[in-house]
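Chemist:
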Amino acid sequence: MAQTIAILNGKGGVGKTTTAINLGTALWIMNKKVLLVDADPQCNLTINLDRTAYNSGVNTLYEWMMDEDIPQLPVYERYPGLDYVPASNRMESLNSWLVDKVRREDYLINRLERISGNYDYIIIDCAPAVDSLLNLNVLVATDGIIVPTRTDFFGVQSQAAMMAKVAEVRKVFRKPLPILGYLLTQWEKTKADKEIRDYFKDDESVNLFRAPIRKCSACRSIQPRQMSLFEFDSNTTAADDYMMLAEDILGIRVRPKNSTPKAWREKANAAYQEFISGQEE
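Going by the numbering used here, the sequence shown opens with residue 69, and the numbers climb by one from there.
1) Within its chain, find whatever has a CB closer than 7 Å to the CB of I75; leave out the 5 residues flanking it on each side and keep chain order.
2) At a cut-off of 7 Å, is D174 close to the ligand ATP when judged by its beta-carbon and the heavy atoms of the ligand?
3) Would R278 and M231 qualify as a contact pair, given that the criterion is a beta-carbon distance under 8 Å?
4) Check whether the stretch 302 to 316 and the stretch 89 to 103 are in contact - that is, three or more C-beta pairs closer than 8 Å.
5) With burial defined as no fewer than 16 other Cβ atoms inside 10 Å of the residue's Cβ, what is the status of R146: buried or exposed?
6) Give the DSSP-derived three-state secondary structure of E272 in the structure shown.
7) Which one of G319, C284, S345, Q71 has the shortest CA to CA distance from I177?
8) With distances taken Cα to Cα, identify the nearest neighbour of K161 among E256, K269, L201.
9) Take the Cβ of L113 as the centre, count every other Cβ of all protein chains shown within 10 Å, and call the residue buried at 16 or more, exposed below.
10) Identify every run of the alpha helix (DSSP H) within the stretch 141 to 217, keeping only runs that are complete inside it and at least 4 residues long; order them along the chain.
11) To which residues does DSSP link W96 through a beta bridge?
12) Have a look at S164, E181, K169, G125 and flag the residue whose alpha-carbon is nearest the alpha-carbon of S156.
13) With distances taken from CA atoms, which of A107, V170, P148 is nearest P154?
Here is the structure:
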């Protein structure tokens, strides 16, 4: 069965989608089978991964949640071993649709259990609305949470509401729901950033991932190109940071000698060229 990881923060603009795409690709480079799920009505992961999945007539997470009888589960191949479930901007209506359903919090987990055995990791990109029923479905379905957090005061303050919801889910559903770690994003070696990092380090109840994601202009450049950092420029500092995050998830503390930026890009770029060729056909 796959380990399901939610990328969650109640605040927008903290790097959730960037983290989901690059962590998923890094795990795939390390020969893990990965499913990326876009659970955000903004559809940023879908657009970043495959703009054709945003076309009309494509089954998405919306149809998967709404209809037990859709002919095929909406799982699409990005690369062999790296799949995705696209989102729809209609998913916001799922929150009102779920209100009157019996066991309304179990819709996503019931669907993911059907395919969980096909993957090592399922990574879910969440909407910033912590209290939504769609995000409740994600929390019930997940085995752990990564919290991307910008290194600013408002990023720190936004954690209280999210942690209250996590505590509620732990109590009501009697599941551990661990915070796998806080991931500092858009990191710079400024005094303010170091103070935020020290704030998290001083809290013994917080697990802080060992490498923050350093600020990198390439993170913006990849968005219109349907790329992760590993296809675009694996030599960037952020690509190295995301690979270290993947190593943390896998429990790897010493990087294998054959795991180099050149090797990452060769594997990712070859698959990407086939993916783009398939789009053009």
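Don't be surprised by glycine CBs; every beta carbon is placed ideally from N, CA and C.
Modeler: Judging by the given coordinates:
1) Position 7 of the sequence shown, counting from 1, holds the residue named residue 75. The beta carbon of I75 sits closer than 7 Å to the beta carbons of K84, T87, A88, I191, I192, D193, C194, I214, P216 from its chain, once the five residues preceding and following it are set aside; these are given in chain order.
2) No copy of the ligand ATP appears in this structure; indeed no ligand is present at all.
3) For this step, residue 278 is matched to residue 210 along the sequence shown. For this step, residue 231 is matched to residue 163 along the sequence shown. No, the pair does not count as a contact, with Cβ atoms beyond the cut-off.
4) Yes: the two stretches touch, three or more of their Cβ pairs being nearer than 8 Å.
5) What you label residue 146 is simply residue 78 of the sequence shown in a count that begins at 1. By the 10 Å Cβ count, R146 comes out buried.
6) Here residue 272 refers to the residue found at position 204 when the sequence shown is read from its first residue. When DSSP states are grouped into helix, strand and coil, E272 belongs to the coil group.
7) Residue 177 sits at position 109 when you count from the first residue of the sequence shown. The candidate whose alpha carbon is nearest that of I177 is Q71.
8) Residue mapping note: residue 161 aligns to position 93 of the sequence shown, counting from 1. The sequence shown places Ser at residue 161, not Lys. Ranking the options by Cα distance to S161, first place goes to L201.
9) Counting from 1 along the sequence shown, the entry for residue 113 is found at position 45. By the neighbour-count rule (16 or more Cβ atoms within 10 Å), L113 is buried.
10) With a minimum length of 4 residues, the continuous alpha helix (DSSP H) runs that stay inside the stretch 141 to 217 are 162 to 166, 175 to 183, 201 to 209.
11) For this step, residue 96 is matched to residue 28 along the sequence shown. When beta bridges are read from the DSSP output, W96 appears opposite no residue.
12) On the sequence shown, position 88 is the one that residue 156 refers to. Of the candidates S164, E181, K169, G125, the one whose C-alpha sits nearest the C-alpha of S156 is G125.
13) To locate residue 154, count along the sequence shown from 1; it is residue 86. Closest option to P154, Cα to Cα, is A107.
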